[in-house]
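Structure first, then comments.
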Amino acid sequence: MTSAPILAPPRRVLVPAHVDPTPPPLGGAVHELAGRTMGTTWRVRLVSGARLAREPVVAAIQGELDAVVAEMSTWEPGSDLCRFNAAPAQSWHALPARFFEVLEAALGVAHASAGAFDPTAGALVDAWGFGPTAGTRQPPDAATLAQALRRRGWERLALDGPARRALQPGGLALDFSAIAKGYGVDRVATRLHALGFASHLVEVGGELRGTGIKPDGQPWWVQLEHPEPALAPADTLLALHGLSVATSGDYRRWYEHDGARLSHTIDPRDGLPIRHGVASVSVIHAQCMLADAWSTALGVLGAGQGLALANRLGLAALFVVRRDGGFEDVASAAFEALLQ
Ligand code: AMP
Ligand code: MG
6 MTSAPILAPP RRVLVPAHVD PTPPPLGGAV HELAGRTMGT TWRVRLVSGA RLAREPVVAA
66 IQGELDAVVA EMSTWEPGSD LCRFNAAPAQ SWHALPARFF EVLEAALGVA HASAGAFDPT
126 AGALVDAWGF GPTAGTRQPP DAATLAQALR RRGWERLALD GPARRALQPG GLALDFSAIA
186 KGYGVDRVAT RLHALGFASH LVEVGGELRG TGIKPDGQPW WVQLEHPEPA LAPADTLLAL
246 HGLSVATSGD YRRWYEHDGA RLSHTIDPRD GLPIRHGVAS VSVIHAQCML ADAWSTALGV
306 LGAGQGLALA NRLGLAALFV VRRDGGFEDV ASAAFEALLQ
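Residue numbers for the sequence shown follow the numbering used here, so the first one is 6 and each next one is one higher.
As structure tokens, then:
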């Protein structure tokens, strides 16, 4: 029997075009903090003196994330989002500033993706068994699907910017699950900066944002998520220096039905789980909120339309496509431009 040589996978390295010239903090140490939020975990690495009073920093981080959950969770019946979803037709609602910021960004991505991203997909997400009201994971019957389709529609959501209000046209179910984790990451990063931590790496459920450099002069290096790392054509390392990365994938939450893989990413235009073979999409962006929303949007559009749109908008995106039992990478021009 001959044994094949074990080769380390090749590496791809991505670095940002702009590097902050501020020198690394002298005598600093890297501290790790962690906790739970949004049904998943958060992790922060930050540079500070050798001794760090951890409790107030953990409390500040947890406070930012708890505020996002209290306003925008589909899973907390008392959240502002759930109250909006349950409100009567034609009622106007004053919204908290953060909620409004996320809603405006979500509608921007919905518009730019022609509805592939839709923050009003809540009823569809529920119908396919991925929402909070789901009992068993079962595809909906035709009548339930038709009703859920009628309930979506970001175009029906009227905003009153100056008064920070939104109109519930009736039956519209907001779902911010494709954008809120990224937004939480941004809030934590902003808070850490305000607390005087110029160098930090923030992660919520796999979405990441890195700022500054470490005491050893290196940026925060992270490895891009892959659906099956053993089958990746290369390890992709990314210097998160003033950048965020988010990954959306059919391997994160799904179930099998009649031999088909049903993903938690739904195409809001026909109401069906995505099925064009894109296993994951990673997007690199300055704002984690937008990396998060765009990774979902491009996952819905697929490697054809999605790549064309990413190139038109200058988005750095990597599609991992299932092909012949393996995976193939498809990268946008802005992603290629980050490669060393
Ligand atoms: P992500 O992991 O960021 O791709 O977010 C996936 C979650 O977003 C799902 O579990 C749903 O709650 C929600 N979702 C599914 N499809 C869409 C879509 N087309 N637009 C916006 N949100 C979606
Ligand atoms: Mg997302």
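Backbone N, C-alpha and C fix where the C-beta goes; we use that ideal spot for every residue, glycine too.
For residue i, the three-state DSSP class (helix, strand or coil)
i, result
"Thr-348", "There is simply no residue 348 to check, as the chain begins at 6 and stops at 345 in what is shown."
"Gln-310", "helix"
"Pro-137", "coil"
"Ala-168", "coil"
"Arg-317", "helix"
"His-246", "coil"
"His-198", "helix"
"Arg-328", "strand"
"Ala-339", "helix"
"Gln-173", "strand"
"Ala-322", "strand"
"Gly-215", "strand"
"Leu-162", "coil"
"His-281", "coil"
"Asp-131", "helix"
"Gln-152", "helix"
"His-116", "helix"
"Ala-9", "Here Ala-9 scores only 46 on pLDDT, less than 50, and its place in the model should not be relied on; the value that follows carries that caveat. It is coil, neither helix nor strand."
"Asp-240", "strand"
"Val-20", "coil"
"Glu-233", "coil"
"Leu-179", "coil"
Length of the line joining the Cα atoms of residue i and residue j
i, j, result
"His-36", "Pro-220", "11 Å"
"Arg-142", "Gly-304", "21 Å"
"Leu-344", "Ser-84", "41 Å"
"Ser-96", "Val-73", "23 Å"
"Ala-298", "Ala-55", "37 Å"
"Pro-10", "Leu-162", "With a pLDDT of only 48 at Pro-10, under the threshold of 50, the placement of this residue in the model should not be trusted; the figure read from the coordinates follows. Their Cα atoms are separated by approximately 58 Å."
"Ser-8", "Ala-237", "Note that Ser-8 scores a pLDDT of 48, beneath 50, so its modelled location is shaky; the value from the coordinates is reported in the next line. So the two alpha carbons sit approximately 21 Å from each other."
"Leu-248", "Pro-167", "31 Å"
"Glu-109", "Val-288", "20 Å"
"Pro-93", "Pro-174", "8 Å"
"Gly-282", "Leu-129", "20 Å"
"Pro-145", "Arg-266", "15 Å"
"Pro-101", "Ala-153", "27 Å"
"Gly-187", "Asp-329", "32 Å"
"Asp-240", "Pro-232", "12 Å"
"Pro-124", "Ala-296", "15 Å"
"Ser-118", "Leu-314", "8 Å"
"Pro-224", "Leu-164", "40 Å"
"Gly-113", "Phe-105", "12 Å"
"Gln-228", "Ala-22", "18 Å"
"Ala-322", "Asn-90", "32 Å"
"Ala-235", "Tyr-260", "22 Å"
"His-98", "Arg-88", "9 Å"
"Glu-230", "Leu-242", "10 Å"
7 Å Cβ shell around residue i - same chain, five flanking residues per side excluded
i, result
"Val-335", "Ala-308, Leu-312, Phe-324 and Val-326"
"Ser-53", "Gly-33, Ala-34, His-36 and Phe-202"
"Gly-222", "Pro-29"
"Ala-115", "Phe-122, Asp-123, Pro-124 and Trp-159"
Cutoff 6 Å; reference residue i; Cβ partners in own chain excluding five residues on either side
i, result
"Gly-319", "Ala-339"
"His-269", "Phe-135 and Arg-258"
"Gly-217", "Ala-203 and Ser-204"
"Met-6", "Here the model assigns Met-6 a pLDDT of 40, short of 50, so the residue's position is not dependable and the matter cannot be decided."
"Ala-121", "Ala-302, Val-305 and Leu-306"
"Thr-149", "Ala-132"
"Ser-285", "Pro-232, Thr-252, Gly-254 and Val-325"
"Glu-212", "Lys-186, Gly-187, Val-190, Ala-251, Cys-293 and Asp-297"
"Gly-176", "Arg-156"
"Arg-196", "Ala-65 and Glu-69"
"Asp-272", "Ile-279 and Val-305"
"Leu-290", "With the sequence shown as reference, residue 290 is identified as His, and Leu is not the correct amino acid for it. Excluding sequence neighbours, His-290 sits near Ser-249 and Ala-296."
Sub-9 Å separation of residue i and residue j beta-carbons
i, j, result
"Met-294", "Ile-184", "yes"
"Ala-178", "Arg-157", "yes"
"Ala-199", "Trp-226", "no"
"Gly-127", "Thr-79", "yes"
"Arg-317", "Arg-192", "no"
Cβ-based neighbour list, residue i, same chain, cut-off 8 Å, excluding 5 preceding and 5 following
i, result
"Ala-194", "His-205, Val-207, Arg-214, Thr-216 and Cys-293"
Any chain C beta carbon closer than 9 Å to residue i
i, result
"Val-52", "Structure shown: chain C not included; a single protein chain is present."
Any beta strand (DSSP E) of 3 or more consecutive residues that is wholly inside the segment 31-105: The qualifying runs are 34-42, 45-53 and 96-99.
Complete runs of the beta strand (DSSP E) confined to the segment 249-279 [at least 3 residues]: Listed in chain order, they are 259-262 and 265-268.
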